[in-house]
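Residue numbers (the numbering used here): 14 to 447.
This is the structure:
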């Protein structure tokens, strides 16, 4: 089952198509699908139309629609009890990389409830299938990191449901940095219709009725094992201490489609970066009205922020704001004439506008990225819902024009008259990011 991983070459060659495999050897009932997120916002385009994604997101996101409960759904068509359950035989989970320890679920949404309040939360976490009905889940981020912490303090296991084969908007919503909100209700708002839920078979959770596969079980906060190595989204193999979980029941459709997201691929980049961009931009507009655009790279380890600069203090505020956040390791602040979606323009600003003596800032002992290979010592950050992060040194770069040198640093532009003719002939626009 390792052939699918070689399809990373598709994204490198700019082939923007989904891939569906049929007649899977040993899994006759199954098909496997992947490459659904190769275009950064294509999976949202049918909903947003031609509207700017950030504007569309902000309008919809503020009006969550609670999911509806139904009696039955196709995810219940087949049921296999936990006793004697062999997950490796039941699910065509893939070994993605040469040195991976075994098959991993990479596109499955984990749903749980706060043990104290009953509030629902969900996220995508890497899951290793170990043997029979036993799995390991690496949980580094909220809200599930908080739920596990509370369950550990209460000395009780945490009920979990793992759902594979959800629609792209629900998967996108699962990644949104909203640890205190119901992400299923946000997903409903983004698609402008409710997602039906059904009661789980043996645990007190409600799960999407139209999923392809559902696993129900218990996560044991006091039982931890080393999982991996696994080729993570940063492009390196990792072993981490993960939580042991036992799956009690598997339900699925009669002819399920198993969904795969390839680690260290443009799919991961597009999903993670866009989810954080739209939510972060919403916050920043209210906090810093001089911020014009936000762009993340390298699974949010690098932030590029476009501002309307009026003072040097604005640059310092933005750098400190982002470097105090987990995951982000570097921040580059640029002017409005730099296209944050174009790495060539970003590098141009770095090489021509940065004073290397005065415009580079280091911040030490900040919460970093748990899958950064330079990280060594990890800790649970209480202020970040007990997310798992290393302490690291971060960099901020002021790549903006000096206030007293706007003419000297004026960017060359195509003449306006020529640009207008090009717009008519080629259908392209000029503007700041021409």
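Glycine is no exception: its CB is placed at the ideal position from the N, C-alpha and C atoms.
What residue range is occupied by the uninterrupted beta strand (DSSP E) comprising residue 191?
First-last for residue 191: undefined, no H or E at that position.
Go ahead and pull the three-state DSSP assignment for residue 235.
strand
I need the DSSP call for residue 306, collapsed to helix, strand or coil.
strand
Roughly how many angstroms lie between the CA atoms of residue 92 and residue 213, to the nearest whole one?
11 angstroms
Is it buried or exposed, residue 307, if we count other Cβ atoms within 10 angstroms and call 16 or more buried?
buried
Looking only at its chain, what residues have a beta carbon closer than 7 angstroms to the beta carbon of residue 105, apart from the 5 residues adjacent to it on each side?
14, 37, 40, 43, 45, 271
Distance, Cα to Cα, residue 125 vs residue 240?
21 angstroms
Alpha carbons only, please: which of 162, 324, 95, 316 is nearest the one belonging to residue 408?
316
Specify the secondary structure class of residue 447 as computed by DSSP and reduced to three states.
Bear in mind that the predicted position of residue 447 carries a pLDDT of just 44, short of 50, making it unreliable; the figure below should be weighed with that in mind. Residue 447: coil per DSSP, three-state reduction.
Contacts around residue 144, its chain only, beta-carbon distance under 6 angstroms, and the 5 residues preceding and following it disregarded:
none
Residue 201 by DSSP, collapsed to three states: which one?
helix
Segments assigned beta strand (DSSP E), at least 3 residues, entirely inside the region 212-280:
219-221, 226-244, 250-265, 270-272
Quick check: what's the CA-CA separation for residue 282 versus residue 312?
5 angstroms
Beta carbon of residue 335, beta carbon of residue 253: below 7 angstroms?
no
Please find out if some non-hydrogen atom of the ligand MN comes closer than 6 angstroms to the beta-carbon of residue 184.
Inclusion of the ligand MN in the displayed structure is not the case, the ligand content being empty and no account of it being possible.
Taking the beta strand (DSSP E) that residue 125 falls in, what are its first and last residues?
122-126
Measuring alpha carbon to alpha carbon, tell me which residue in 360, 67, 222 is nearest residue 86.
222
Opening and closing residue of the beta strand (DSSP E) in which residue 398 lies:
Careful: residue 398 lies outside any beta strand (DSSP E) and carries neither H nor E.
At what residues does the beta strand (DSSP E) containing residue 165 begin and finish?
Run containing residue 165: none in the beta strand (DSSP E); it sits in the alpha helix (DSSP H), 157-166.
Cβ-Cβ separation, residue 176 to residue 227 (assumed contact under 8 angstroms), whole Å
5 angstroms
Since residue 363 is in the beta strand (DSSP E), which residue starts that stretch and which ends it?
Residue 363 -> not in any beta strand (DSSP E); alpha helix (DSSP H) instead, spanning 356-366.
Buried versus exposed, by CB contacts within 10 Å (16 or more), residue 309:
buried
Taking buried to mean at least 16 other C-beta atoms within 10 Å of its own C-beta, is residue 360 buried or exposed?
exposed
Using 10 angstroms around the beta-carbon of residue 142, count the other beta-carbons present and answer buried if the total reaches 16, otherwise exposed.
buried
Check whether the region 231-249 touches the region 76-85, taking contact to mean three or more Cβ pairs, one atom from each stretch, closer than 8 angstroms.
no
Would the region 398-415 and the region 426-434 be scored as touching if the rule is three or more Cβ pairs under 8 angstroms?
no
Does the region 403-420 come close enough to the region 334-352 that 3 or more CB-CB pairs lie under 8 angstroms?
yes
Could you pull out every residue in the same chain whose Cβ sits closer than 6 angstroms to the Cβ of residue 31, ignoring the five residues on either side in sequence?
48, 49
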